[in-house]
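Right, one structure below, let's go through it.
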Amino acid sequence: MQLFENHNLKTYNTFEMEVFARQFLQMEAADEIPTVINDYLKREPYYILGGGSNTLFTKDFDGVVAHPVFGGIEVMERSRDNVLLRVAAGEPWDNLIQYCIRHEYFGIENLTAIPGLVGSAPVQNIGAYGVEVKDTIYKVEGFRISTSEPFELMNAECQFAYRNSIFKQALKNDCIITYVWFQLSIKEHFTLTYQGLANAMAERELPMKLRYVSDCVRKIRDAKLPDPKVVGNGGSFFKNPVISAEEYEELKCQYPDLIAYDAPDGQKKLSAGQLIEKAGWKGKRMGNAGTWKNQALVLVNYGGATPKEVLDVAETIIKDVKNLFGITLEMEINRI
Ligand code: EPU
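According to the working numbering, the stretch in the sequence shown is residues 1 to 336, in order.
See below:
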């Protein structure tokens, strides 16, 4: 492991907030984690930071930020239909996508180009274009911080839901994920339920190949979402709100074009981006922060934004959407 004092986190969070961690601990192997826990995390405030693509640092962190950098992808088992991969937490997510395309493993291609590290993927159950990572996770390995003991949770034990899991609930702040196991198909299998993806494949008259589906996803993302390497952002800032079918019907009388998708238990999931746009917030800016011109759900740092400027935009959006629709948007991003 490597320890840095008073470490600038600007390049460790895609929002590019210039904040400092009193200590920054780079974890270079899974087997050093019990030492990391006992010697550091048990003694002071801590935060486990993956790729920093879903974190908004709101101030300097007076404690230790622990960041995994150990990567690697291993084939554990191969059957007639499936392959079982064990992937280390510090592996960049998109490296795993490239690996799967090269080896023709099907299942996560719709999650192409999501920023961040593999270890963070189960925490918020990353999802895009009709696929959630829970559909391919076999199990998750890690350490509990309270006991320093290793754990293994099978998919069903991870309590996956829309942008949610046990790692954001009962195990929040009490675990370090070390490895994620994925069960992927070696038989050709695509998910084209997201209309925009099906249309993009059809328009370009591309043969159904893993690489082309992945390319199409990348193009859709490029058109809608700002590249965090160019414009600081943390992806979707809010969750899409889930409301009852009755509430949706009422709102629809007033806003006939209101988009909704079916959610569990007969509920409806609205598009937060559409609500924010209707509240007049698409591509709008307040100081150095604002929303993205092609996707109002994404808050951006237009350059030199402070955490307060980002939070001011977020809070104004919450207020405006509440006034217009009576719906309270919930932040998806982790605020630290
Ligand atoms: N829409 C608007 N205005 C906007 C943005 C969206 O009217 O400013 C409409 C779109 O036209 C579309 C609908 O809202 O009809 C849904 O938009 P989109 O397909 O872009 O998806 P989303 O619901 O806004 C979610 C995820 C994204 C993921 C996309 C694609 C959440 C919080 N976000 O966004 O995930 O890429 O679906 O599947 O669920 C992320 O989590 O960081 C993220 C980017």
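Backbone N, C-alpha and C fix where the C-beta goes; we use that ideal spot for every residue, glycine too.
- Between isoleucine 327 and leucine 56, the CB-CB gap reaches or exceeds 8 Å.
- Counting along the chain, the unbroken alpha helix (DSSP H) around isoleucine 101 starts and ends at 93-103.
- Assigned with DSSP and collapsed to three states, tyrosine 47 falls in strand.
- Under the Cβ criterion (8 Å, minimum of three pairs), the segment 117-130 does not count as touching the segment 98-107.
- Residues Tyr212 of the same chain have their beta carbon placed closer than 6 Å to that of leucine 206, with the five preceding and five following residues left out of the count.
- Distance from the C-beta of tyrosine 194 to the nearest heavy atom of ligand 1 is below 7 Å.
- Listed in chain order, the beta strand (DSSP E) elements of length 3 or more contained wholly in the segment 224-276 are 232-236, 260-262, 268-270.
- Annotated three-state conformation of valine 140 is strand, per DSSP.
- Of all alpha-carbon atoms in Gly303, Met201, Glu109, the one lying nearest the alpha-carbon of proline 228 is that of Gly303.
- Unbroken beta strand (DSSP E) stretches of 3 residues or longer found wholly inside the segment 294-327: 295-301, given in chain order.
- Checking the 7 Å criterion, the Cβ of serine 120 is out of range of every heavy atom belonging to ligand 1.
- A distance below 7 Å between beta-carbons, with the five flanking residues on each side excluded, links alanine 202 to no residue of its chain.
- In the three-state reduction of the DSSP assignment, leucine 206 falls in the coil class.
- Under the 8 Å Cβ criterion, the segment 216-223 does not count as touching the segment 312-323, having fewer than three qualifying pairs.
- Burial check for threonine 11: the Cβ neighbour count within 10 Å stays below 16, so the residue is exposed.
- The C-alpha of phenylalanine 15 is placed about 11 Å away from the C-alpha of threonine 58.
- Alanine 156 carries a helical assignment under DSSP once its states are collapsed to helix, strand and coil.
- In summary, methionine 27 is buried, with 16 or more beta-carbon neighbours lying within 10 Å of its beta-carbon over all protein chains present.
- For aspartate 62, the secondary structure class from DSSP, reduced to helix, strand or coil, is strand.
- In this structure glutamine 183 is buried. Its beta-carbon is surrounded by 16 or more other beta-carbon atoms within 10 angstroms.
- Excluding its 5 nearest sequence neighbours in each direction, histidine 189 has C-beta neighbours in its own chain below 8 Å: Phe106, Gly107, listed in chain order.
- For ligand 1, no non-hydrogen atom lies closer than 7 Å to the CB of glutamate 152.
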